[in-house]
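Residue numbers (this note's numbering): 21 to 115.
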């Protein structure tokens with residue numbers, strides 16, 4: 021799985037990059053057909069925003085999360101993506 025990490029108005033530190041990588045390995049455990057991930061971390065005044073697009077086999081999954089803390093925004097993003105990936109996996113099993 022390849023992770024493209026982009027920052028708007030925020031410096032991507034090594035600890036932030038490691039945190040994102042660690043969290044996305046959790047998603048990979050649930051569904052191993054994740055080809056490509058594009059993560060955008062954005063700071064708008066007091067809001068920290070994390071959004072991501074997952075390229076799965078046959079579809080794309082998008083989620084966004086906002087919080088006053090960037091790490092909490094990333095956690096919220098991973099939770100949303102996790103639910104969507106599991107839903108997609110179940111949909112594939114039914115067909």
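Every residue gets a Cβ at the ideal spot worked out from N, C-alpha and C, and that includes glycine.
Everything numeric in this text was worked out from a predicted model, so none of it was measured.
Span separating the alpha-carbon of residue i from that of residue j
{"i": "residue 104", "j": "residue 111", "result": "10 Å"}
{"i": "residue 43", "j": "residue 37", "result": "10 Å"}
{"i": "residue 35", "j": "residue 91", "result": "10 Å"}
{"i": "residue 106", "j": "residue 89", "result": "26 Å"}
{"i": "residue 56", "j": "residue 94", "result": "17 Å"}
Own chain residues within Cβ distance below 6 Å of residue i, not counting five before or after
{"i": "residue 21", "result": "48, 54"}
Nearest to residue i (by Cα), restricted to the options the options
{"i": "residue 60", "options": "109, 115, 32, 106", "result": "32"}
{"i": "residue 82", "options": "34, 64, 96", "result": "96"}
{"i": "residue 180", "options": "45, 62, 52, 79", "result": "Outside the shown range of the chain (21 to 115) lies residue 180, about which nothing can therefore be said."}
{"i": "residue 79", "options": "40, 45, 30, 109", "result": "109"}
Beta-carbon proximity list for residue i, same chain, < 7 Å, skipping 5 on both sides
{"i": "residue 101", "result": "47, 72, 74, 81, 83"}
Short Cβ contact (8 Å threshold) for residue i with residue j
{"i": "residue 86", "j": "residue 65", "result": "no"}
**Request:** Output the residue ranges of the beta strand (DSSP E) runs that lie fully inside the region 54-103 and measure 3 residues or longer, sorted by chain position.
**Result:** The region 54-103 contains, as complete beta strand (DSSP E) runs of 3+ residues, the segments 54-64, 67-76, 79-87 (chain order).
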